[in-house]
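Some notes on the structure that comes next.
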Amino acid sequence: MEKSNENVAPVRLEMLVTIIPRKKEDYYLDLLQSFDVNIQTGVLAEGTAEATMLEVLGMSDSEKAVIFSIVREDRLEEIEEVLEKKFYTIKGGKGVAVSIPLSSVFGVTSYGFMINEMPGRNTN
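Now the structure itself:
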């Protein structure tokens, strides 16, 4: 039996997980929000890597923040390029990021909010 594509969303979503120094959390939250990211949260974390590994990665401070953001797949490449640039140019702002495709979202209104296209809202 062939699957129908009638329920496939026009814009796919990804969960972007960004690990950065704790003192840069607000900066990166604001940066990600500039890409129309409507859902994100930051949590505090403590790194567990050995000091030598942290030095190799240029992340000597073990106090981290992990930001979970729901992003549009069609904006992901642009977001990753900006993050990579910031990781290399912001003093004390090195980090790592990984994206995970989302396979489903419940609710048309929730989905519209996540892709920044609410039904009935003029996006011009």
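Quick note on the working numbering: the sequence shown kicks off at 200 and runs consecutively. Here a beta-carbon is modelled for each residue, glycine too, at the ideal position from N, C-alpha and C. This one's a predicted model, so the numbers in the text were calculated from it and none came from an experiment.
| Item | Value |
| --- | --- |
| For Val307, name the three-state secondary structure that DSSP assigns. | helix |
| Tell me the start and end of each unbroken alpha helix (DSSP H) in the stretch 219-300 that is at least 4 residues and wholly inside, in chain order. | 224-232, 250-256, 272-288 |
| Measure the alpha-carbon distance for Met313 versus Gly306 and round it to whole angstroms. | 11 Å |
| Does the separation of the CB atoms of Leu275 and Ser303 fall below 7 Å? | no |
| Report all residues from its chain with a CB closer than 7 Å to the CB of Glu267; omit the five preceding and five following residues, and keep chain order. | Before going further, note that residue 267 is Phe rather than Glu in the sequence given. Cβ within range, chain order: Met214, Val216, Gln239, Thr240. |
| Thinking just about the alpha-carbon of each residue, which of Pro209, Asp235, Asp225 is nearest to the one in Ile278? | Asp235 |
| If you measure between the beta carbons of Ser261 and Glu249, is that distance less than 7 Å? | no |
| Going along the chain, which residues of its own chain have a beta-carbon closer than 6 Å to the beta-carbon of Arg271, five neighbours each way excluded? | Val210, Ile314 |
| Which whole-angstrom value is the C-beta distance of Ala264 and Leu282, which I expect to be below 8 Å? | In fact, because the Cβ distance is near 14 Å, the residues do not count as touching under 8 Å. |
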